[in-house]
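Engineer:
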Amino acid sequence: MTLYFTKEHEWLRVDGDSAVVGITRHAADELGELVFVEVHQTGTVASAGDAVAVVESVKAASDIYAPVDGEILEGNAALSDDPARVSFDPEGEGWILKLRISNPEQLSALMDADAYAAFIG
Numbered sequence: 289m290t291l292y293f294t295k296e297h298e299w300l301r302v303d304g305d306s307a308v309v310g311i312t313r314h315a316a317d318e319l320g321e322l323v324f325v326e327v328h329q330t331g332t333v334a335s336a337g338d339a340v341a342v343v344e345s346v347k348a349a350s351d352i353y354a355p356v357d358g359e360i361l362e363g364n365a366a367l368s369d370d371p372a373r374v375s376f377d378p379e380g381e382g383w384i385l386k387l388r389i390s391n392p393e394q395l396s397a398l399m400d401a402d403a404y405a406a407f408i409g
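If you read the sequence shown in my numbering, its first letter stands for residue 289, the second for the next number, and so on.
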């Protein structure tokens with residue numbers, strides 16, 4: 289599995305033609321404790337940059353964007369009952385959705401862990 293990051297503070301863990309997507313620790317810390325997470329419907333086809341989910345905290349609401357073109361395979365059902373899971377484990381059990389990647393060439397435009405660390409400074 290390969291890990292990628294976006295300038296919108298999302299991460300993707302790619303395995304074959306699919307990816308698990310979530311927000312980074314940096315984004316989770318900025319948002320604070322999440323109180324609501326909603327993922328667009330399974331089967332939704334999105335282009336890179338399209339909103340595919342919404343997260344809300346006591347501080348703010350924020351869209352989650354498709355990092356690459358693909359189809360939503362599923363949302364993390366555990367977040368319905370426990371959206372704060374994203375706040376406490378954003379890069380693990382707090383994943384937000386799974387996406388089938390339709391254009392793997394787009395992955396080359398994303399950052400690796402070192403580039404993301406430099407980006408957030």
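We treat Cβ as the ideally placed atom computed from N, Cα and C, and that holds for glycine.
Just so you know, these numbers come straight off a predicted model, no measurement behind them.
Name the two residues that bound the continuous beta strand (DSSP E) containing I389.
Structural biologist: Sequence index remark: in the sequence shown, residue 389 carries index 101 (1-based). Here the beta strand (DSSP E) through I389 covers 385 to 389.
Engineer: Using a threshold of 8 Å, state whether the C-beta atoms of G340 and L300 are closer than that.
Structural biologist: Sequence index remark: in the sequence shown, residue 340 carries index 52 (1-based). Sequence index remark: in the sequence shown, residue 300 carries index 12 (1-based). At residue 340 the sequence reads Val, which differs from the Gly that was named. No, the pair does not count as a contact, with Cβ atoms beyond the cut-off.
Engineer: Please report the straight-line C-alpha distance between E326 and L367, rounded to a whole angstrom.
Structural biologist: Residue mapping note: residue 326 aligns to position 38 of the sequence shown, counting from 1. Residue mapping note: residue 367 aligns to position 79 of the sequence shown, counting from 1. Roughly 8 Å separates the two Cα atoms.
Engineer: Using the C-alpha atoms, what's the distance from A336 back to V356?
Structural biologist: Here residue 356 is taken as the residue at index 68 of the sequence shown, counted from 1. Here residue 336 is taken as the residue at index 48 of the sequence shown, counted from 1. Between V356 and A336, the C-alpha separation is close to 4 Å.
Engineer: Within 10 Å of its beta-carbon, does V333 have 16 or more other beta-carbons around it, so buried, or fewer, so exposed?
Structural biologist: Working through the sequence shown from its first residue, we reach residue 333 at position 45. Exposed.
Engineer: Please classify E298 as buried or exposed, where buried requires at least 16 other C-beta atoms within 10 Å of its C-beta.
Structural biologist: For this step, residue 298 is matched to residue 10 along the sequence shown. So E298 ends up on the buried side.
Engineer: Put E318 into one of helix, strand or coil per three-state DSSP.
Structural biologist: Numbered from its first residue, the sequence shown carries residue 318 at position 30. Helix, per DSSP.
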